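Quick note: the sequence shown uses our numbering, first residue 39, plus one each step. All C-beta atoms in this analysis are idealised placements derived from N, C-alpha and C, irrespective of residue type, glycine included. Keep in mind that this is a model prediction, so the values were computed, not measured.
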Amino acid sequence: MRARVKRIGGHHFQFNVRGMHGDLDVALADEKAQGPSPKEMLLAALCGCTGTDVIDLMAKFKVTYENFELEARATLTENHPKIFARIDLSYYVTGSAIDATQVVEAAKRSTHQYSGTAAMLSKACPIFYTVNVNNEKVAEDQVKFA
Numbered sequence: 039m040r041a042r043v044k045r046i047g048g049h050h051f052q053f054n055v056r057g058m059h060g061d062l063d064v065a066l067a068d069e070k071a072q073g074p075s076p077k078e079m080l081l082a083a084l085c086g087c088t089g090t091d092v093i094d095l096m097a098k099f100k101v102t103y104e105n106f107e108l109e110a111r112a113t114l115t116e117n118h119p120k121i122f123a124r125i126d127l128s129y130y131v132t133g134s135a136i137d138a139t140q141v142v143e144a145a146k147r148s149t150h151q152y153s154g155t156a157a158m159l160s161k162a163c164p165i166f167y168t169v170n171v172n173n174e175k176v177a178e179d180q181v182k183f184a
């Protein structure tokens, strides 16, 4: 794996990963952000990694759903370096005939066995997750890797 960033101006950087480009920005109070911050990108990476696991596992379990979304929220430590103190991850799945136990199992396998991003971040701070099916919380747990 390889990533490269180039400073565009201020705290705005453009990244290049396998020929794909995007923006990163740690905008100060008087600056307009040109992209997400690096920490926000870590949260997005967590969502993308575990989300891929969960949709693949739901396909394996033959779960039919209409919508799948993830949200990650983090709190930071107060002192420098400001790192994640805690991450809360929420899975949202909607559909007409969903077996919630299979969605919970998919999330558990991702957050206990498969997601490399979750495994790395959970070494730095606790990650808690909830599984919501049709707007009802059906499970909550902490990310745990052996």
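Beta-bridge partners of glycine 60 (DSSP): Phe53. Exclusion of the five residues before and after histidine 59 leaves Gln52, Phe53 as the residues of its chain whose Cβ lies within less than 8 Å of its Cβ. Closest in alpha carbon position to lysine 175, among Ser128, Ile121, Arg45, is Ser128.
Exposed is the label assigned to glycine 47, since fewer than 16 other Cβ atoms lie within 10 Å of its Cβ. The distance from the Cβ of valine 101 to that of glutamine 140 is about 5 Å, consistent with a contact at the 8 Å cut-off.
Between threonine 155 and alanine 83, the C-beta spacing is below 7 Å.
Following the DSSP letters along the chain, one finds alanine 157 inside the alpha helix (DSSP H) bounded by residues 154–160.
Residue nearest to lysine 98 within the set Arg111, Glu143, Phe122 is Glu143 (criterion: CA-CA distance). Annotation for serine 75: Val64 place their beta carbon closer than 6 Å to its own, counting only its chain and skipping 5 residues before and after.
With respect to valine 169, isoleucine 136 sits apart: the two C-beta atoms are not nearer than 7 Å. Of the candidates Leu159, Gln151, Leu66, Leu66 places its Cα closest to the Cα of histidine 50.
Selection Leu108, Glu109, Glu107, Ile125 evaluated against threonine 115 yields Ile125 as nearest (Cα-Cα). Under the DSSP definition of a beta bridge, arginine 45 partners with Phe51.
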